[in-house]
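First to last, the sequence lines map onto chains A and B. If you count the first sequence from 1, position 79 lands on 78 in our numbering, and the numbers rise without skipping. If you count the second sequence from 1, position 56 lands on 55 in our numbering, and the numbers rise without skipping. Worksheet for the structure shown next.
Number of protein chains: 2
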Amino acid sequence: MSEDPVAAAPATITPAMQDYLKAIFRLGETGPVATHRLAEELGVTAPSATNMAKRLHEVGLLTHEPYHGVQLTLKGRQAALDVVRRHRLLETYLAEAVGLGWDEVHDEAERLEHHLSERLEARIDSLLGFPATDPHGDPIPRDGANLAPGPTLLQMPAGSEGTVSRVSDRDPEQLRYLRDLGIIPGARITVIEHLPFEGPVRVRVLPPGEEPGQEYVLGRVLAGVVRLAS
Amino acid sequence: MSEDPVAAAPATITPAMQDYLKAIFRLGETGPVATHRLAEELGVTAPSATNMAKRLHEVGLLTHEPYHGVQLTLKGRQAALDVVRRHRLLETYLAEAVGLGWDEVHDEAERLEHHLSERLEARIDSLLGFPATDPHGDPIPRDGANLAPGPTLLQMPAGSEGTVSRVSDRDPEQLRYLRDLGIIPGARITVIEHLPFEGPVRVRVLPPGEEPGQEYVLGRVLAGVVRLAS
DNA sequence: AACAGGAGTTAGTCAAGACTAATTTTCTTT
DNA sequence: AAAGAAAATTAGTCTTGACTAACTCCTGTT
């Protein structure tokens with residue numbers, strides 16, 4: 000009897016968890032994040048980071064490959080975006096409506112971001128006129144969609160599953176090829192494994208409507224062009 | 000070496016401690032507070048309350064006479080007033096500046112009150128023009144000064160008339176109901192009669208600005224929650 | 001190919017704060 | 001004055017999230 004690898008929704012994401020997710024999001028734009036970098040970023044010891052990594056892995060917010068760093072799952076990425084959104088919205092509000100200095104807002108937002116209800120978040124957003132960026136010019140994520148175009152298959156750890164959101168439209172040849180494989184927006188896709196030495200990616204594809212699902216191996220160029228919904 | 004009986008300043012007062020102090024302050028206007036009342040108020044079990052009482056005693060925020068309840072020390076009372084002040088200031092701000100409804104502000108303030116920096120507290124106070132009372136009519140403590148609450152409708156004899164000074168802010172349902180009746184701070188109210196056998200109370204209400212006045216019958220719970228200016 | 005040193009993990013501890021179960025005090029009622 | 005009920009406490013457990021100490025894995029040198 001082992002844990003479900005496709006872990007259920009975490010009942011609640013504690014403030015500490017939110018801080019870790021946010022830090023991983025910030026550090027992890029390009030690949031896995033080493034636990035010691037995480038520890039350093041958060042000002043905790045290395046074992047604390049490992050420990051939290053294990054727990055976040057268990058609730059399915061990230062994947063933790065022992066000795067090789069952590070990577071957010073789609074769910075984890077969404078949760079991180081939620082926190083970043085609240086943080087930047089608060090910074091904007093504190094600067095514009097409350098009149099705090101732009102050097103003061105970060106610390107205040109850091110304390111409040113974990114305790115903002117959805118109702119209050121929405122109200123502040125609307126009072127500010129749905130701003131696109133915070134006072135430092137950083138974009139404020141909205142609908143989980145805007146900030147990032149969504150990760151490519153290359154960036155997703157083995158085992159993760161998601162829905163294809165878009166496919167680069169540059170090369171008609173590529174597009175036709177991918178369409179023949181059923182890799183089109185809306186298709187469900189599972190990353191089975193990354194083959195070693197910068198190798199290709201094995202995936203299982205479930206085109207919308209079709210059932211059995213089919214396995215393919217995609218070269219890195221192709222895998223880097225397919226993005227999942229974030 | 001043992002603990003100093005005249006305990007030193009507690010390094011930090013945790014959010015949980017703040018909630019206990021606030022509840023004791025609210026319940027303890029007249030003498031010691033029984034731990035089971037405290038537990039009930041906070042929605043925890045009796046042992047949890049006893050346990051926290053012991054810890055707060057150790058850091059000198061209250062005195063705990065085993066089997067005979069707790070009482071705030073001066074330091075504890077001051078800490079409680081700080082929390083109450085932040086709570087009521089936040090309620091006022093959320094209602095006046097953010098535009099939340101008077102039945103919504105309590106819950107939001109409850110979440111944020113533990114994470115308000117002194118800087119932000121002072122800024123909000125000044126933005127509001129140093130208000131004396133919150134939207135429910137409760138006084139906002141300042142410099143540790145506090146005020147006696149007026150009598151409730153239950154305590155007023157038939158025939159007496161007065162102005163509503165404050166309404167308990169605990170239950171949004173109650174608040175909406177009372178507001179619909181025009182029972183808000185500033186309304187004129189006359190107690191017509193107390194119905195027999197612990198019965199409800201008949202009152203006439205004159206909301207501020209409105210004229211004719213209207214008669215209602217209030218259950219004892221509701222009547223016990225509406226206070227008149229003293 | 002061995003190995004040093006750094007990164008990562010395991011094991012064990014601690015404090016806050018909640019819980020249940022069992023026990024003790026105090027109060028009320030006959 | 002004794003019995004029961006109600007209130008309070010003790011004892012022991014659990015979870016979260018941090019820590020130190022000790023061990024293991026990985027990698028870049030020689």
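In this text, a Cβ means the ideal position worked out from N, Cα and C, and glycines have one as well.
- Residues of chain B with a Cβ closer than 7 Å to the Cβ of L111/A are, in chain order, L111, H114.
- Going by DSSP, H67/B is part of no alpha helix (DSSP H) at all; its letter is neither H nor E.
- Chain B has no Cβ within less than 9 Å of the Cβ of G128/A.
- Interface criterion not met: the Cβ of I183/B is under 9 Å from no Cβ in chain A.
- Under the three-state reduction of DSSP output, P46/A falls in the helix class.
- In the three-state DSSP reduction, R169/B falls in the coil class, being neither helix nor strand.
- Each residue's CA atom was taken as its position, placing L180/A and Y66/A some 35 Å apart.
- For A186/B, the number of other beta carbons within 10 angstroms of its own is at least 16, and it is reported as buried.
- In the displayed model, V200/A falls within a strand according to three-state DSSP.
- Per DSSP, the continuous alpha helix (DSSP H) segment holding T91/A begins and ends at 73-92.
- For V58/A, the three-state secondary structure derived from DSSP is coil.
- As DSSP reads the structure, G161/A sits in a beta bridge with I188/A.
- The beta-carbon distance between H63/B and K53/B, rounded to whole angstroms, is 6 Å. This is short enough to meet the 8 Å contact definition.
- Taking C-beta separations shorter than 7 Å and ignoring five residues to either side along the sequence, the partners of E90/A in its chain run V104, H105, A108, D133, P134, following chain order.
- Residue pairing by DSSP places T132/B opposite P138/B in a beta bridge.
- Residue pairing by DSSP puts V216/A in a beta bridge opposite R201/A.
- None of the residues of the region 175-203 of chain B has a beta carbon lying less than 8 Å from any beta carbon of chain A.
- For V104/B, the enclosing alpha helix (DSSP H) stretches over residues 104-111.
- Just measuring C-alpha positions, the residue of E210/B, L55/B, F196/B sitting nearest A79/B is L55/B.
- Straight through space, the alpha carbons of N50/A and S159/A are spaced by roughly 21 Å.
- One thing to note: I188/B has its Cβ within 9 Å of the Cβ of V163/B.
- L227/A: member of the beta strand (DSSP E) spanning 225-227, first to last residue.
- Residue environment for A45/A: exposed (fewer than 16 other C-beta atoms within 10 angstroms of its C-beta).
- Contact check for E192/B and R201/B: beta-carbon distance about 5 Å, within the 8 Å limit, so the pair qualifies.
- Ranked by Cα distance from R85/B, the first of T72/B, Q70/B, L60/B, H113/B is H113/B.
- Using a Cβ distance threshold of 9 Å, L174/B and W101/B count as a contacting pair.
- One thing to note: G223/A has its Cβ no nearer than 9 Å to the Cβ of L177/A.
- In chain order, L119, R122, I123, L126 make up the part of chain A whose C-beta sits under 8 Å from the C-beta of V97/B.
- With a threshold of 9 Å between beta carbons, L93/A makes contact with chain B.
- Here V32/B is bridged, per DSSP, to V69/B.
- Residue environment: F196/B is assigned as exposed (fewer than 16 neighbouring CB atoms within 10 Å of its CB, all protein chains considered).
- The beta carbon of L37/A sits closer than 8 Å to the beta carbons of Y19, A22, I23, L26, A48, A52, V69 from its chain, once the five residues preceding and following it are set aside; these are given in chain order.
- Membership of A121/A in the alpha helix (DSSP H) is indicated by the continuous run 117-126.
- If the five residues before and after L115/A are omitted, its C-beta is found closer than 6 Å to the C-beta atoms of R85, all from its own chain and listed in chain order.
- Annotation: M155/B is outside any alpha helix (DSSP H) and is labelled neither H nor E by DSSP.
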